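First comes the structure, then the notes that go with it.
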Amino acid sequence: MKDSSFSEGSQSRRWNWLFLAGIGLIFLAWWIASLLVHVPLVLPSPWYVILAFLDMLKDGSAFALLWSTFSKAVVGLGIAFAFGVPLGMVAGISKTADELLKPFMMVVRSMPVVSWLASAILLWGMGWMTPTFIVAVSLFPVVSFNVAEGVRSVDLLLVEMAKVYRVPKKRIIVDIYLGSLVPFVLSAFKVSIGTMWKVAIVAEYLAGNKGIGVELSWAKFYLNTPKVFAYTMLAVLAGLSLEKVFDFLWEVYGKRWRISPEMH
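Numbering-wise, the sequence shown is residues 0 to 263 according to numbering that gives the first Met the number 0.
Spelled out as structure tokens, the structure:
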């Protein structure tokens, strides 16, 4: 037993070292490329970028920017789930409703983000609401599709058996339908976490008044390439942290469900 646990621990430490070595290789390749290009405006040295990143942390601006972008992303995610879950359930339960909603869903899925963005700017202007709306409309199809698929995966024999034994309709919906839905909702949530962050930053870049995307836009405008890379580093680290937090919560609380959140 001890040998087994020691072997697992040793293997885990090996993967951790390989992961860190991979990060080191990225910075090494970046540094060599910056020396070869020798044009800081195009590709600054990683050391200049790290200094710009540390300056953001020291003056506290990084945390204010993270909160601004995060608030838009989370509210957009909440709106997508608030509309996507009930519509997905209706489409999954009723074939008639599914056919009625299909044209609307096809339009939402097919409409370019830039078209939504143009409409939102005309409606709300450049500010907090436009990026939030873009996050919501981008995630809505993912949520509704996963929920509809979850409803369709419900064991109909189990539903019929519940009806035979005169189980109340409320309990059938809560215990059978919603119980089957949870893995699919978690799947949509897993996909949405990574997507919401990137979409929020792009929307801020094009139509925001505050946040990481806005600062990226200004850094590009003033040709401050180290800051462009520093804001990118901040965005990447924050996005990865969000995904790691979800993975941790899944490991702790999600093992009871049969379907992995990676499946859909």
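Just so you know, even glycine gets a beta-carbon here, dropped at the ideal spot from N, CA and C. In this text, all values refer to a predicted model and were calculated from it rather than measured experimentally.
Inset, instruction - Would you identify the three-state DSSP class for Lys209, choosing helix, strand or coil? - result: Assignment of Lys209 by DSSP, reduced to helix, strand and coil, places it in the coil class.
Legend entry - Cβ shell of Ala135 (< 7 Å), same chain only, five flanking positions each side left out: Gly75, Ile78, Ala79.
Legend entry - Length-filtered (4 minimum) alpha helix (DSSP H) runs lying within the segment 200-250: 211-220, all fully within the segment 200-250.
Inset, instruction - Would you check if the segment 24-31 and the segment 175-190 touch, i.e. whether three or more CB-CB distances between them fall below 8 Å? - result: No, the segment 175-190 does not touch the segment 24-31.
Inset, instruction - Determine the contact status of Phe52 and Met232, defining contact as a CB-CB distance below 8 Å. - result: Less than 8 Å divides the Cβ of Phe52 from the Cβ of Met232.
Inset, instruction - Return the CA-CA distance between Gly87 and Val158, expressed in angstroms with no decimal places. - result: Straight across, the Cα-Cα distance linking Gly87 with Val158 is about 19 Å.
Inset, instruction - Express the C-alpha separation of Leu24 and Phe18 in angstroms, rounding to a whole number. - result: When only Cα atoms are considered, Phe18 and Leu24 end up about 10 Å apart.
Inset, instruction - Give the C-beta separation of Gly83 and Val146 to the nearest angstrom, bearing in mind that I take them to be a contact with Cβ-Cβ under 8 Å. - result: Going by Cβ atoms, the distance from Gly83 to Val146 rounds to 6 Å, so yes, they are a contact pair.
Inset, instruction - Locate the alpha helix (DSSP H) running through Ile175, then write down its first and last residues. - result: Element bounds for Ile175: n/a, residue is neither H nor E.
Legend entry - Beta-carbon proximity check, Ala187 vs Val142, cutoff 8 Å: It is a contact, given that the beta carbons lie within the stated cut-off.
Legend entry - Ordered list of alpha helix (DSSP H) runs contained in the segment 58-113, each at least 4 residues: The segment 58-113 contains, as complete alpha helix (DSSP H) runs of 4+ residues, the segments 60-92, 94-109 (chain order).
Legend entry - Beta carbon of Ser137 nearer than 8 Å to that of Val198: For Ser137 and Val198, yes; Cβs fall inside 8 Å.
Inset, instruction - Compute the Euclidean distance between the alpha carbons of Leu64 and Glu148, then round it to the nearest angstrom. - result: So the two alpha carbons sit approximately 37 Å from each other.
Inset, instruction - On a CA-only basis, which of Ala20, Ala119, Phe132, Pro140 is nearest Val73? Give me that one, please. - result: Distance check between Val73 and each of Ala20, Ala119, Phe132, Pro140 places Phe132 closest, using alpha-carbon atoms only.
Inset, instruction - Return the CA-CA distance between Ile200 and Ser240, expressed in angstroms with no decimal places. - result: Distance between the alpha carbons of Ile200 and Ser240: 16 Å.
Legend entry - Backbone secondary structure at Trp29 - three-state DSSP: In the structure shown, Trp29 sits in a helix (DSSP, three-state: H, G or I).
Legend entry - Endpoints, alpha helix (DSSP H) assigned at Val38: Here Val38 belongs to no alpha helix (DSSP H), and DSSP marks it neither H nor E.
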